[in-house]
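What follows is one structure encoded as structure tokens, with my remarks underneath.
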Amino acid sequence: MSEATSESVQQSNGKVETSHHPETDPKRKDKNYYGIPPIKRAHWTWQIPIYFWLGGIGAGTQLFATVAQFLGHEDEALKRASRYTVLGTMLLSPILLIWDLGRPERFYNMLRILKLRSPMSTQSWSLFTFGNLGGLIAARQAAEDGLLGDNPLSRLVLRLIPARLLTVLVLPFGLFVGFNTGNLISATSVPIWARNWMLMGPTFLTSGLSTALSWLSLVLHLGRWGEEKTLRVLHRAEKAVIVLEAVLIALSLARMSRWSRPLFSKEVAPLFVGGTLLGGIAAPFALLTGKESRSKSVLASVLALAGGLAFRFAMIIAGRKSADDPEAYFTFASGESAPQPEDKV
Amino acid sequence: MATGFLTDTTVCIGCKACEVACKQWNQLPADGYELTGDSYDNTGHLSGTTWRHVAFIENPKKRRLTGDVDLVALAEDVTEPLPGGAELDALGRWAFMSDVCKHCVEAPCQQACPTGSIIRNEFDNVYIQPDICNGCGYCVPACPYGVISQVPHDGRAFKCTLCYDRQRDGLEPACAKACPTNSIMFGEVEDLKQLAEERVQELHDKGYTQAYVWGTPEVGGTGGIGGNHSKFILMDEPESYNLPKHPFLPQEKVKGGVIASAVAAGVLGAVVALAFRD
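The listed protein sequences derive, respectively, from chains X and G.
Numbering-wise (our numbering), the first sequence opens with residue 7 and increments by one.
Numbering-wise (our numbering), the second sequence opens with residue 587 and increments by one.
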């Protein structure tokens, strides 16, 4: 910058220029205010992408568990793994989210009101509901497993908690937690996120389901638990969902068009291209398509899980870069590209 | 009754009295001694601790001064041919603009706020209740003008309150009070709207046809925001002042996103169910 300025003040032909405003400085074609970002980026640090990842795993696990129950597939190992997984993710998620607050001691204000237009508000409420109902289901499971001991409380839990009914009731809240992680970031002024408002939720949910299936498959394989059929179903579902995830990411990139550039920048490309596209989608798919074997399945699961985490970090960091780029925001907020009220859903 | 600002940038002299008055009245902490090296603007942008910011835009009309320039003639605004074939039309224009929270009619920050901390007060201003805010930071990327930010070491988000406390006592906001050229005008939005139109007409009549009002439902308050209670009279493209031409309400698409996601959830459920078939 300083170099360009000193040159433009006294050019070699003797012509004097008095300004380095973008309009008058021949070296600065960009039309903005000294390159200062016109919008502020989100402060979100590492807790948020990890929460997005855990929330996706919880949501996908619940989807698989509910479908299995609905189709009458009674595999005790699957039931146990999925119920404890939901409990685990829903214990960690609020901790990460509260940690990220500027005033953590006031976390309860999140449940002060319900605002349907604020994805952050609906996210808090769905997380609250999913976590509590999931906790009840897991308590029932713990009582069945004898973890609560043989006491009146345990008998009360077994008698009072209708786990099968709750497994159905909790699903919409679980799914909401899963896709709302995407809708949450798209309801901002950040070009790369806002541009993709329609596919952000579906992409995050699909990626969440992919990581959830991988997680269940990993746990059942490592513990040598679960029926043969469960593992077969997981294997098939993993493969199909990875394909869907790849399609949705491709469509998202097409929709983001020029504003997707931060995903391919020097800092984010290793996470997005290397971690997500190659490591989290292409490699697991290749491992899953060949001859089935336990070790290949385990490796595919680990890669898909890591890829899901890389995808969330890539999206958050790309959003930061997108918000810091005046050119991206001004081209986005100059007319047709931004979402308009009269747009059809 | 809705109150707001009209900032007429054509009479702003860049004295930064508004910045100082705002900092003093609202007891805002210093931002450090940062030198941008770009212009006399070392504040840079609005933030949680800077609720008024004067932008300095250097914008000469004639770009080149060639030959033997008579600087005295230049300063005296002489327009007849100058010796040595020097070309000029005065010293050009140095634009200043005192930026502030836009107090949107449909405020994206208010819609984003999950705690209900951001409200519209009795003056129809967008106000953050500091005793409710828990510092989630979601209003920060929601703002299409980059007004709000979280204050370090405090954690909460802050922005211009339109001097809620002063208004309750029947006083005008500190920045408007301090402005020596009346570039910052405070009053009822309807009055200010009329004043802005009259002022733009006056400028057009004087030959400054590039003057326009920014912050209306046509420019600067577009895309579902429905206009701003803080309006500006600008002389250049909004981007030169670091303002978007057609910002949008980010929450406009929340419903659409949820519907699309629900469809996706149905499809994924079906895919998982199909995987159960042997």
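Every residue, glycine too, gets a C-beta built ideally from N, C-alpha and C.
Rounded C-alpha distance that separates residue i from residue j
i: T636 of chain G; j: F709 of chain G; result: 22 Å
i: L820 of chain G; j: Q787 of chain G; result: 13 Å
i: S328 of chain X; j: P100 of chain X; result: 27 Å
i: V733 of chain G; j: S633 of chain G; result: 6 Å
i: N711 of chain G; j: T802 of chain G; result: 16 Å
i: R238 of chain X; j: D864 of chain G; result: 9 Å
i: G64 of chain X; j: I704 of chain G; result: 31 Å
i: Y90 of chain X; j: I167 of chain X; result: 16 Å
i: L835 of chain G; j: C699 of chain G; result: 14 Å
i: I811 of chain G; j: Q697 of chain G; result: 11 Å
i: Y748 of chain G; j: A260 of chain X; result: Per the sequence shown, the amino acid found at residue 748 of chain G is Leu instead of Tyr. Distance between the alpha carbons of L748 of chain G and A260 of chain X is about 42 Å.
i: G229 of chain X; j: P110 of chain X; result: 37 Å
i: Y40 of chain X; j: D624 of chain G; result: 7 Å
i: G842 of chain G; j: V274 of chain X; result: 28 Å
i: I119 of chain X; j: T808 of chain G; result: 28 Å
i: A310 of chain X; j: L226 of chain X; result: 16 Å
i: P43 of chain X; j: Y827 of chain G; result: 11 Å
i: S263 of chain X; j: E823 of chain G; result: 25 Å
i: T622 of chain G; j: V691 of chain G; result: 33 Å
i: K46 of chain X; j: S192 of chain X; result: 15 Å
i: L190 of chain X; j: Q147 of chain X; result: 32 Å
i: N186 of chain X; j: A848 of chain G; result: 10 Å
i: R638 of chain G; j: K831 of chain G; result: 20 Å
i: V279 of chain X; j: H689 of chain G; result: 41 Å
Start and end residues, beta strand (DSSP E) containing residue i
i: L592 of chain G; result: T589 to D594
i: L820 of chain G; result: S816 to L820
i: R706 of chain G; result: I704 to R706
Contacts of residue i in chain G (Cβ-Cβ under 7 Å)
i: P43 of chain X; result: G732
DSSP three-state assignment for residue i, whether helix, strand or coil
i: L748 of chain G; result: coil
i: Q613 of chain G; result: coil
i: E644 of chain G; result: strand
i: Q796 of chain G; result: coil
i: N768 of chain G; result: coil
i: Y713 of chain G; result: strand
i: P208 of chain X; result: helix
i: G180 of chain X; result: helix
i: H79 of chain X; result: coil
i: W637 of chain G; result: coil
i: A193 of chain X; result: coil
i: S625 of chain G; result: coil
i: V686 of chain G; result: strand
i: G732 of chain G; result: coil
i: A693 of chain G; result: coil
i: A743 of chain G; result: strand
i: A848 of chain G; result: helix
Endpoints, alpha helix (DSSP H) assigned at residue i
i: E783 of chain G; result: V775 to D791
i: S88 of chain X; result: E82 to D106
i: I56 of chain X; result: Q53 to F76
i: E333 of chain X; result: P332 to F338
i: G202 of chain X; result: The amino acid occupying residue 202 of chain X in the given sequence is Asn; Gly does not appear at that position. Unbroken run through N202 of chain X: none, as it is neither H nor E.
i: S130 of chain X; result: P125 to E150
Partner residues on chain G for residue i, Cβ-Cβ distance less than 8 Å
i: P55 of chain X; result: By Cβ distance, chain G contributes nothing, its closest Cβ being about 15 Å from P55 of chain X, past 8 Å.
i: K85 of chain X; result: The premise fails here: K85 of chain X is roughly 15 Å from chain G at the closest Cβ pair, so nothing lies under 8 Å.
i: M321 of chain X; result: Per Cβ cutoff of 8 Å: no residues; M321 of chain X is ~13 Å from chain G at best.
i: Y39 of chain X; result: A641, I643, E825, S826, Y827 and N828
i: Y90 of chain X; result: Those do not exist, as Y90 of chain X stays about 20 Å from chain G at its closest Cβ, beyond 8 Å.
Cβ-heavy atom distance, residue i to the ligand PLP, below 8 Å
i: L778 of chain G; result: Ligands in the displayed structure: none, and consequently the ligand PLP is not present.
Candidates the options: closest to residue i by CA position
i: Y750 of chain G; options: G:Y713, G:G807 and G:P738; result: G:Y713
i: T135 of chain X; options: X:K121, X:Q147, X:L117 and X:A148; result: X:L117
i: A846 of chain G; options: X:L181, X:W131, X:G281 and X:V174; result: X:L181
i: P290 of chain X; options: X:W59, X:A320 and X:E251; result: X:E251
i: A764 of chain G; options: G:S684, G:E838, G:A850 and G:D717; result: G:S684
i: Q613 of chain G; options: G:A760, G:H815 and G:A728; result: G:A760
i: A693 of chain G; options: G:F642, G:N814, G:F682 and G:G618; result: G:N814
i: R300 of chain X; options: X:L240, X:W265, X:Q68 and X:A71; result: X:L240
i: V247 of chain X; options: X:K235, X:S213, X:V279 and X:P268; result: X:S213
i: F591 of chain G; options: G:W680, G:W800, G:H739 and G:S735; result: G:W800
i: L211 of chain X; options: X:W221, X:L254, X:I198 and X:T173; result: X:L254
Within chain G, the residues that residue i reaches when beta carbons sit closer than 9 Å
i: K327 of chain X; result: Those within 9 Å of K327 of chain X in chain G number zero; the least Cβ separation is about 13 Å.
Chain X residues whose Cβ lies nearer than 9 Å to that of residue i
i: I599 of chain G; result: What I599 of chain G touches in chain X: nothing, since even the nearest Cβ is about 18 Å away.
i: I718 of chain G; result: R112, N115 and R118
Cross-chain neighbours of residue i in chain X, by beta carbon under 7 Å
i: S735 of chain G; result: K46
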